[in-house]
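The next block holds one structure in the form of structure tokens; read it before the comments.
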């Protein structure tokens, strides 16, 4: 078994998976069909490194000012004060980032209710996740936990790069708290791992339920990311 990538390399791959880039290494948009909504500043912090990525709309003078202010520990308040001199801030995102390393929790038995969903069986999404039916190929692979003929929890690829995919998880409200979400996340991760790809999973610090799912799936934390949006 080859050694796991360094945390810093995983954070770089996460950034390259989440966003689109210009030749200068600036963020141009999110890595989806509708590329709008990218942050002005994305910071990835691992145990021994801080990586900073800037939107192409940022002036060189603002980037220089931010570079001088970014240190460990990171002061988000200070960074916001600097940015607000140039751009209004609408939102801030902070949360942990995880990776699947091939060590999922042992299965007591194969769960036949977890189904890979493609165009051929997309009707499984009809009741709770109809909006995913038209984007199955872009979100592939898609795995659903099926109850009475309908997917009630779905894990798919939010964004995909050459080497990795970032998980996106949906569970219909009546079916939350039953363990279905962790099962579909595990299957999604295992599928990507079998293809030689990297399965990434990130969430916000205030989403305790999502963090618990990562723990149940034995996902390994490799850092935290911070995003500031205008």
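Residue numbers (this note's numbering): 69 to 298.
Every residue, glycine too, gets a C-beta built ideally from N, C-alpha and C.
- Would you kindly report the start and end of the unbroken beta strand (DSSP E) that includes residue 113? 109-114
Exercise. Looking at the structure shown, is residue 159 part of a helix, part of a strand, or coil, going by DSSP?
Worked result: strand
- Using alpha carbons as the reference points, say which of 244, 124, 159 and 266 lies closest to residue 92. 124
Could you check whether the region 144-158 touches the region 237-245, counting it as contact only if at least three pairs of C-beta atoms, one from each stretch, sit closer than 8 Å? no
query: Anyone know if the C-beta pair for residue 167 and residue 267 falls short of 9 Å?
result: yes
| task | Output the boundary residues of the beta strand (DSSP E) element that contains residue 153. | result | Run containing residue 153: none; DSSP gives neither H nor E here.
Based on the DSSP output, what are the partners of residue 224 in its beta bridges? 236
key: residue 296 vs residue 138 beta-carbon contact at 9 Å   = no
*Tell me, please, which residues DSSP counts as bridged to residue 294.*
111 and 162
Item to check | Residue nearest to residue 179 in terms of C-alpha spacing, selected from 274, 280, 78 and 214 | outcome: 214
Worksheet entry | CB-CB length for residue 80 against residue 229, believed under 8 Å | No, residue 80 and residue 229 are not in contact; Cβ-Cβ is about 11 Å, not under 8 Å.
* For residue 120, the first and last residue of its enclosing beta strand (DSSP E) -> 117-122
Is the CB-CB distance between residue 185 and residue 220 below 9 Å?
no
Close-in-space but distant-in-sequence residues of the same chain around residue 142 (CB under 8 Å, 5 per side omitted):
111, 113, 118 and 294
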